[in-house]
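Numbering (the working numbering), first residue to last: 154 to 437.
C-beta: ideal position from N, C-alpha, C; glycine also.
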């Protein structure tokens with residue numbers, strides 16, 4: 154991570170080189186991204202938004218905007234005078250890779266009405282000087298979308314909540330499976346406080362219920378296996394570029410066993426970005 158993070162990033166480069174993927178990665182790093190921003194609106198934007206304490210901004214500007222395409226030297230020069238810590242990121246890829254990507258998308262190149270190959274050649278020639286102005290040049294020819302995202306996150310993520318966010322969710326099967334769940338663990342095999350009169354009206358957040366559910370040989374073995382599994386899975390998903398992971402813990406009604414297990418996990422997992430929700434805690 155750089156010592157100082159830029160307030161404004163101008164994301165540009167060749168069509169088909171991955172600017173959409175890069176834009177999403179910068180959003181995950183905490184930037185507010187605007188795609189296809191018109192160069193004519195830059196002065197007004199800079200005066201109103203680019204101020205100390207404001208959210209960091211990334212603008213995608215490229216061939217689609219004639220003003221930028223024809224006058225990018227002036228546009229960037231004027232922008233650097235106003236925003237000294239401006240970073241220009243230029244994405245490129247080999248011509249045959251770009252041609253393959255356009256063929257897969259079945260789209261015309263923005264600078265050519267007929268031949269995609271001619272459009273690629275024309276744009277690359279036109280952007281020769283733009284490439285030289287860039288602070289960072291990324292060749293995406295051999296990068297997967299996940300790898301491109303990882304490159305940008307490593308460079309620009311801040312100490313704020315970035316990376317994989319884990320949502321720990323308790324629920325009751327009788328109220329339906331949570332559609333957002335990535336992983337579902339069924340704890341209906343654990344001892345059920347519902348059938349204990351003095352515990353029935355309590356919830357899994359209360360100590361007597363938690364003790365009843367968790368202080369059994371079955372619960373002990375389950376948690377002994379589950380904790381290292383989750384510790385293994387979370388960084389594995391993060392390396393693959395996943396930004397959100399919902400781990401759902403389910404019991405019958407969603408008030409006792411699933412809540413107790415979810416609370417236990419929340420206190421014993423070393424995950425900085427973890428949040429916990431009890432979907433069905435108040436349902437009957």
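Where DSSP assigns a beta bridge to residue 323, which residues make up the other side? Working through the chain shown from its first residue, we reach residue 323 at position 170. Residue 323 is bridged to 402, 431.
Output the residue ranges of the alpha helix (DSSP H) runs that lie fully inside the segment 253 to 279 and measure 4 residues or longer, sorted by chain position. Considered as a whole, the segment 253 to 279 harbours 269 to 279 as its complete alpha helix (DSSP H) runs of no fewer than 4 residues, in chain order.
At the level of alpha carbons, what is the spacing between residue 290 and residue 435? Locating residue 290 in the chain shown gives position 137, where the first residue counts as 1. Locating residue 435 in the chain shown gives position 282, where the first residue counts as 1. Using only the alpha carbons, I get a separation of about 53 Å.
Where in the segment 326 to 362 do unbroken runs of the beta strand (DSSP E), each at least 3 residues long, occur, reported from the N-terminal end onward? Runs of the beta strand (DSSP E) lying entirely within the segment 326 to 362 and spanning at least 3 residues, in chain order: 336 to 339.
Could you tell me the alpha carbon to alpha carbon distance between residue 431 and residue 242, rounded to whole angstroms? Residue mapping note: residue 431 aligns to position 278 of the chain shown, counting from 1. Residue mapping note: residue 242 aligns to position 89 of the chain shown, counting from 1. Cα-Cα distance, rounded: 42 Å.
Let me know the secondary structure DSSP gives residue 245 once reduced to three states. In the chain shown, residue 245 corresponds to position 92, counting from 1. Look at residue 245 here: in three-state DSSP terms it is strand.
Can you look up residue 236 in the DSSP assignment and give me helix, strand or coil? Position 83 of the chain shown, counted from the start, is the residue given in the question as residue 236. Here DSSP, grouped into helix, strand and coil, assigns residue 236 to coil.
Should residue 163 go down as buried or exposed, given a rule of 16 or more other Cβ atoms within 10 Å for buried? The residue you call residue 163 lines up with position 10 of the chain shown. So residue 163 ends up on the buried side.
Considering only the beta carbon of each residue, do residue 337 and residue 412 sit closer than 9 Å? In the chain shown, the residue the question calls residue 337 occupies position 184. In the chain shown, the residue the question calls residue 412 occupies position 259. Not closer than 9 Å, so no.
Out of 227, 186, 245, 213, which has the shortest C-alpha to C-alpha gap to residue 167? Here residue 167 refers to the residue found at position 14 of the chain shown. Of the candidates 227, 186, 245, 213, 245 places its Cα closest to the Cα of residue 167.
Determine whether the beta carbon atoms of residue 406 and residue 318 lie at a separation below 9 Å. Within the chain shown, the letter at position 253 stands for residue 406. Within the chain shown, the letter at position 165 stands for residue 318. Taking 9 Å as the Cβ cut-off, residue 406 and residue 318 do not qualify as a contacting pair.
Determine the DSSP secondary structure at residue 318, reduced to helix, strand or coil. As a first step, residue 318 is located in the chain shown; it is residue number 165 there, counting from the start. In this structure, residue 318 counts as strand in the three-state DSSP scheme.
In terms of residues, what are the limits of the alpha helix (DSSP H) holding residue 303? Working through the chain shown from its first residue, we reach residue 303 at position 150. Start and end: 298 to 309.
Distance between residue 371 and residue 252 (C-alpha atoms, nearest Å): As a working mapping, residue 252 is identified with position 99 in the chain shown. As a working mapping, residue 371 is identified with position 218 in the chain shown. Roughly 57 Å separates the two Cα atoms.
By the three-class DSSP mapping on this structure, what secondary structure does residue 287 have? Along the chain shown, read from residue 1 onward, the residue named residue 287 stands at position 134. In the structure shown, residue 287 falls within a coil segment according to DSSP collapsed to helix, strand and coil.
Between residue 394 and residue 303, is the Cβ-Cβ spacing less than 9 Å? Taking the chain shown and counting its residues from 1, the one referred to as residue 394 is at position 241. Taking the chain shown and counting its residues from 1, the one referred to as residue 303 is at position 150. It is a contact, given that the beta carbons lie within the stated cut-off.
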